[in-house]
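Trainee: In our numbering, the protein residues as written are 8 to 264. Attaching a single structure in structure tokens format; questions to follow.
Written out as structure tokens, the structure is:
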């Protein structure tokens with residue numbers, strides 16, 4: 008018996024109400040088993056913002072054992088946003104389904120629970136930016152011994168400003184186009200920004216950024232540069248991510264909570 012087969016009066020009950028029914032044990036074994044499955048569904052929806060199928064739920068649980076997830080947890084501590092980070096780390100495997108009713112429902116539920124910030128995290132996973140971001144956050148915390156509270160605040164700022172502080176380079180933009188964009192970001196004194204590129208676009212980006220580094224433009228503008236190189240994806244494309252951070256001694260204060 009599946010949860011969908013439960014009588015409407017049971018199907019409409021809340022998680023605490025169903026747990027109470029299980030404790031009392033006043034229904035048949037089949038109904039109680041279906042109620043237990045319904046409890047798992049409701050718990051998953053509370054945790055993730057949607058109800059994953061059994062396969063996806065198991066994969067999301069496995070992600071908690073991954074190096075990337077553990078590094079993120081060490082950075083920001085226990086936070087409900089780690090549930091969306093799990094989805095972001097998994098979403099690349101689901102990207103071929105994006106646009107389907109199932110994925111659109113996930114995005115809708117995540118938006119309802121976490122707002123635009125939650126969608127930004129999903130998008131990070133979809134475009135390969137989440138792993139470089141986790142590496143940046145982890146390196147930042149280890150290097151400076153910042154507190155988890157301070158790192159969580161910084162993570163939330165990055166999520167909130169994501170569209171404004173990221174450059175996703177495509178081959179049609181060309182090397183000169185990317186060079187001009189990076190110079191514009193630095194001239195505007197953007198404290199932190201990221202450049203991402205995949206495959207052949209990454210090769211272009213390497214040339215543009217290497218040129219800016221070799222002629223000392225990046226240093227003269229008062230920025231540090233870090234490359235985050237990711238392994239090949241399922242399409243044998245290398246993902247690149249660069250972090251440009253302004254050398255600003257006053258920016259350190261917000262991490263030392």
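The beta-carbon is built from N, C-alpha and C at its ideal position, and this holds for glycine as well. Source: prediction; values computed, not measured.
#1: Counting along the chain, where does the alpha helix (DSSP H) carrying residue 186 start and finish?
#2: Starting from residue 199, follow the beta strand (DSSP E) in both directions and report where the run begins and ends.
#3: Look at the alpha carbon of residue 26 and the alpha carbon of residue 12, and state the distance between them as a whole number of angstroms.
#4: Which first and last residues belong to the beta strand (DSSP E) in which residue 246 is found?
#5: Specify the secondary structure class of residue 174 as computed by DSSP and reduced to three states.
#6: How many angstroms separate the CA atom of residue 71 from the CA atom of residue 211?
#7: Look up residue 232 in the DSSP assignment and say whether it is helix, strand or coil.
#8: Looking only at DSSP bridge pairs, what is residue 237 linked to?
#9: Which stretch, first to last residue, makes up the alpha helix (DSSP H) that contains residue 75?
#10: Taking its Cβ as the centre, do 16 or more other Cβ atoms sit within 10 Å of residue 98, making it buried, or is it exposed?
#11: If we define contact as Cβ-Cβ less than 7 Å, is residue 73 a contact residue for chain C?
#12: For residue 143, does the three-state DSSP call read helix, strand or coil?
Mentor: So, to answer that:
#1: 181-194
#2: 199-205
#3: 18 Å
#4: 245-253
#5: strand
#6: 34 Å
#7: strand
#8: 246
#9: 74-83
#10: buried
#11: The structure shown contains no chain C; it holds only a single protein chain.
#12: helix
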